[in-house]
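Before any comments, here is the structure.
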Amino acid sequence: MEKISILNNSQYQQNNDSFSNANLHEIKTDSYLSETNRIVAQEKKFIEDTNENSLRPISWENYIGQDKIKKNLQIFIEASKKRNECLDHILFFGPPGLGKTTLSHIIAHEMQTNIKVSAAPMIEKTGDLAAIMTNLNRGDILFIDEIHRLSPAIEEILYPAMEDFRLDIIIGQGAAAQTVKIDLAPFTLIGATTRAGMLSNPLRDRFGISAKLEFYSESELALIVEKASHKLKHKITTGSAIEIARRSRGTPRIALRLLRRVRDFAQVQDMDIINEEISKYALNELGVNELGFDEMDLRYLKILAQSNGKPIGLNTLAAAMSEDEGTIEDVIEPYLLANGYIERTARGRVATYKATSFYPQSNSLLFE
1 MEKISILNNS QYQQNNDSFS NANLHEIKTD SYLSETNRIV AQEKKFIEDT
51 NENSLRPISW ENYIGQDKIK KNLQIFIEAS KKRNECLDHI LFFGPPGLGK
101 TTLSHIIAHE MQTNIKVSAA PMIEKTGDLA AIMTNLNRGD ILFIDEIHRL
151 SPAIEEILYP AMEDFRLDII IGQGAAAQTV KIDLAPFTLI GATTRAGMLS
201 NPLRDRFGIS AKLEFYSESE LALIVEKASH KLKHKITTGS AIEIARRSRG
251 TPRIALRLLR RVRDFAQVQD MDIINEEISK YALNELGVNE LGFDEMDLRY
301 LKILAQSNGK PIGLNTLAAA MSEDEGTIED VIEPYLLANG YIERTARGRV
351 ATYKATSFYP QSNSLLFE
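368 is the number that full-length UniProt numbering gives the last residue of the sequence shown; the numbers go up by one with no jumps.
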């Protein structure tokens, strides 16, 4: 008959040694700290933004874009603070680079609490998850990136943790099996994913707040570039900021990456101000054209163009491009789909008229 033990967080850690002979290699106290150090990046309440490599805004005042999500989150945060409760669990989904991690850090800042960051592929065992959650304090935020990649076994452990702030861990096998119930401090789980459809319904339904991040407008990206340039202590003209924004595929992460590379070109030429001319030159040298397409996009579109309108399956595209299917679905296709360059059909991917219309005029420019 299965035995059930109920422990609170501190009791669990204090009595951990008593279970050392019951196949508790995942959750031994000695391994807790090493596992936590490996899996979790502890963040301070107020993130220092003085590092050149950290251009992430830390408050709503500095956050640009996603206005509807921002407005709703401000309401949810204020209401939670008035009730002196943890914020409900949140699921952010959308293409990569749109600010899911940034929003999570801002939420932690506004809630005046700590955030611990992990990624689903690193949570391989029950003990990995236990190591993280038993070290959470009341009100802490746990951010799990790529949450769609959690294994079904780990998802099942999350269910009671999210609903009842309790871990149910089975130790041993057969008649000797024990269920250890560990009480957790109330916390907020923020999950981020580029593939919301891959989350199981039970897990998705346990998030009280769900928000889809959209691509940014050119004007929003230009403002982000200007603010980031100021943080990098390098002046930039409005025209240059717009040029970088235009080629950033609606994605802040790409805009900031391109800004850093354009700055490199400007500094090598001893330019105190990043102007439009150096921006265009640098971006062309980087292989990013006026539509924001890079080499991978152009290879992708070329393959579709050469199919003469016949749909091409994802696995065929991946093989032809020597890329994995996940990269194509998560990195290449979202921007092309959102801007009407391709369509997904039951039979495969097809280039739209918008994409094929510029092939005859600029085929040599795009594909040679």
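Where is the CB? At the ideal position from N, CA and C, for every residue including glycine.
Judged by their CB atoms, Tyr300 and Leu317 are nearer to each other than the 9 Å cut-off. Taken through DSSP and simplified to helix, strand or coil, Val180 comes out as strand. Ile147 is the residue among Thr238, Ile147, Ala119 and Arg347 whose C-alpha sits nearest the C-alpha of Phe207. For Ala241, the enclosing alpha helix (DSSP H) has its first and last residue at Thr238 to Arg246. Non-local C-beta neighbours of Ile242 in its own chain, meaning closer than 6 Å and more than five positions away in sequence, comprise Ala222, ordered along the chain. Taking C-beta atoms as the reference points, Ile69 and Leu103 count as a pair closer than 9 Å. Per DSSP, Ser118 is one residue of the beta strand (DSSP E) stretching across Ile115 to Ala119. Below 8 Å, too few C-beta pairs join the stretch 178-187 and the stretch 198-216 to call them touching: fewer than three. Closest in C-alpha terms to Lys310, from the list Thr193, Arg349, Ala196 and Phe293, comes Arg349.
Within 10 angstroms of the beta-carbon of Ser217 lie fewer than 16 other beta-carbons, which makes it exposed. Excluding residues up to 5 positions away in sequence, Thr193, Ala196 and Lys212 lie with their Cβ nearer than 6 Å to the Cβ of Phe93 in the same chain. Sixteen is the threshold: since fewer than 16 other Cβ atoms of the shown chains lie within 10 Å of the Cβ of His230, the residue is exposed. Across the structure, Gln178 and Ile171 are spaced so that their CA atoms are roughly 5 Å apart. Taking Thr188 as reference, the option from Asp168, Ala176, Met162 and Ile169 with the minimal CA-CA separation is Met162.
Distances from the CA of Leu283 to each of Tyr353, Asn84, Ile169 and Asp264 were compared; the closest alpha carbon is that of Asp264.
Here Tyr353 is exposed: its Cβ has fewer than 16 other Cβ atoms, across all protein chains shown, within 10 Å. One alpha carbon belongs to Ile312, the other to Arg347, and they sit about 7 Å apart.
Contact check for Leu98 against Phe215 passes: the beta carbons are separated by less than 9 Å. A Cβ-Cβ distance of about 47 Å is found for the pair Glu276 and Leu203, leaving them out of contact under the 8 Å criterion. The alpha-carbon separation between Leu199 and Ile75 amounts to approximately 26 Å. DSSP places Ser210 in the strand class (E or B) of the three-state scheme. Under the DSSP assignment, Val350 falls in the beta strand (DSSP E) whose first and last residues are Gly348 to Ala351. For Thr345, the uninterrupted beta strand (DSSP E) segment begins and ends at Ile342 to Thr345. Sequence-distant Cβ neighbours of Arg253 in its own chain, meaning closer than 6 Å and more than five residues away, are Gly97. A direct Cα-to-Cα measurement between Ile328 and Leu142 gives close to 29 Å. Ile58 sits in coil when the DSSP states are folded into three classes, being neither helix nor strand.
Fully contained in the stretch 91-161 are the following beta strand (DSSP E) runs of length 3 or more, in chain order: 115-119 and 141-145. Per DSSP, Asp294 has no beta-bridge partner at all.
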